[in-house]
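A quick write-up on the structure given underneath.
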Ligand code: G16
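In my numbering, the protein residues as written are 336 to 879.
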């Protein structure tokens, strides 16, 4: 095996976004594109000699080819041991689990998450550090910096590794291990949840469940854990075979894209519980038999009931949510008398808090929930947590949520996405609103009066780093709030996200349709921010 030094030059736009580098497949397969970014990761890591790296992806188009390139580059850069999921597959939470369990120095995960795949779809690459979590802001900046000065990369001429047969290969001085992508993760889940109780619920309790893997990476994990280990009926997992193009679907677990699950849950005899996960298995959507459980509420309910689950019986150090997420969990934290942190959007901001033992659970409105068991959000973990609660309380998920609202009041929440907007229009809207912020308090629209307005800045309580411009917040009376920000995960134009939430303490007003409950607040947002005026759109593309 010989190491080749290949001349290259910087490629514009290799700046990681909310979660790694996401681009169209066609851009990724361009000459030196992947190689440049991978070498930039290694350069940002510093000395790679003797280090250990985890590699895997969500199985989308180009996953296998990219794994082979990364293996050859890791060998050329001196890594001592590579751990690769069989078939090149690893869900994001499983990769985090492996990094932590085997003391790796980091991991490279190939995924564009919930974005569509296939030759015309999206591809992505993210680097996770030795704690198992997404690269921090500082590390992401170092990778970007390395990408703008790169002049060569290192790669071996070694043959492709057989990704499909588990076992160890010796290549030069290094060991390349193809490992079962599911086993370590499944073992971790068994250590956190009461599997015998869930098994009883599924087998003797007659409880029915439908898990939509959306032809993405969670399929093998869900089949192993739900059907094989917990004994759920065969067929509980639908769309369970990972496909390079996700079967032509959009692996985003929401009411718009998880079409088959939604059809079954709205059918004549709906299962007792429904769930879906995304491309790389870190997101989750959970549905009661007659209720969509908002991710913000899900985090609040899990927090309020964590003491009922074996892995969290000793209590929670604290909780955190991203800023746009509704404050439902804040009320629970106050009742439990534990700290609650508000971070910018992006899982990377939770890592420091977990490493410093400041939080145990955290979550985001974007269908992300997780805990300190790994350093990523974890879709299947959230589903198992819910099943454990249902089994423990002997109540349906719907009842658990409704009783939660009775106790804490309901935080109505919605998000409107305006996708593929010309970037200039989106930026003009944000700039105009940003300039108005100082004069907004006191202004009323559609019966709602602004009491505070700012551009969210976050100071990390662990390392003191400051992240500016993380979203425009308009706070109204009665706890109502509007947030606007631009997504950091899209690959075409800009995506404007408009978030709205209000708090309803009246027990008789907890069953209102969310769209109706927030209609006038959303109308106020349109008037104040000039959304339809700037974008020339009648309404959002996706409402969650
Ligand atoms: C990523 C991040 C999340 C974030 C989400 C949406 O999730 O890990 O923390 O909430 O993107 O970000 P944005 O609003 O900037 O598009 P995923 O599942 O896409 O990796």
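Note that CB positions come from ideal geometry on N, CA and C, so glycine has one too.
Hey, would you say residue i sits closer than 8 angstroms to residue j, going by beta carbons?
i: residue 646; j: residue 530; result: no
i: residue 714; j: residue 619; result: yes
i: residue 586; j: residue 610; result: no
i: residue 692; j: residue 641; result: no
i: residue 836; j: residue 702; result: no
i: residue 554; j: residue 577; result: yes
i: residue 430; j: residue 391; result: yes
i: residue 624; j: residue 733; result: yes
i: residue 688; j: residue 634; result: no
i: residue 379; j: residue 465; result: no
i: residue 434; j: residue 512; result: no
i: residue 723; j: residue 436; result: no
i: residue 468; j: residue 711; result: yes
i: residue 316; j: residue 445; result: This structure cannot speak to residue 316, because the chain is shown only from 336 to 879.
Would you list the residues sitting across from residue i in a DSSP beta bridge?
i: residue 675; result: 654
i: residue 615; result: Residue 615 is not bridged to any residue.
i: residue 457; result: 359
i: residue 547; result: 573 and 611
i: residue 779; result: 784
i: residue 620; result: 611
i: residue 374; result: The partner list for residue 374 (beta bridge, DSSP) is empty, contrary to what the question assumes.
i: residue 745; result: 839
i: residue 807; result: 790 and 819
i: residue 509; result: 506
i: residue 389; result: 418 and 442
So what's residue i in DSSP terms, helix, strand or just coil?
i: residue 693; result: coil
i: residue 340; result: strand
i: residue 421; result: strand
i: residue 647; result: helix
i: residue 855; result: helix
i: residue 497; result: coil
i: residue 700; result: coil
i: residue 767; result: helix
i: residue 412; result: coil
i: residue 830; result: strand
i: residue 816; result: strand
Using alpha carbons as the reference points, say which of the options lies closest to residue i.
i: residue 816; options: 708, 852 and 828; result: 852
i: residue 369; options: 418, 460, 507 and 355; result: 460
i: residue 414; options: 875, 790, 499 and 374; result: 374
i: residue 439; options: 425, 744, 340 and 416; result: 416
i: residue 744; options: 771, 663 and 726; result: 663
i: residue 621; options: 388, 339, 736 and 822; result: 736
i: residue 750; options: 785, 794, 818 and 774; result: 818
i: residue 747; options: 480, 523 and 632; result: 632
i: residue 572; options: 365, 608 and 458; result: 608
i: residue 811; options: 802, 833 and 782; result: 782
i: residue 616; options: 481, 336 and 425; result: 425
i: residue 338; options: 397, 489 and 483; result: 489
i: residue 565; options: 684, 536 and 579; result: 536
So, under 8 angstroms CB-CB, residue i and residue j are touching, yes? Tell me the CB distance rounded to an integer number of Å.
i: residue 549; j: residue 574; result: 5 angstroms
i: residue 606; j: residue 561; result: In fact, because the Cβ distance is near 12 angstroms, the residues do not count as touching under 8 angstroms.
i: residue 762; j: residue 828; result: Not really, about 11 angstroms apart at Cβ, beyond 8 angstroms.
i: residue 806; j: residue 658; result: 6 angstroms
i: residue 485; j: residue 345; result: 6 angstroms
i: residue 473; j: residue 463; result: The pair is not a contact, with the Cβ atoms about 14 angstroms apart (cut-off 8 angstroms).
i: residue 458; j: residue 389; result: No, residue 458 and residue 389 are not in contact; Cβ-Cβ is about 19 angstroms, not under 8 angstroms.
i: residue 412; j: residue 372; result: With a Cβ gap of about 14 angstroms, residue 412 and residue 372 do not count as contacting.
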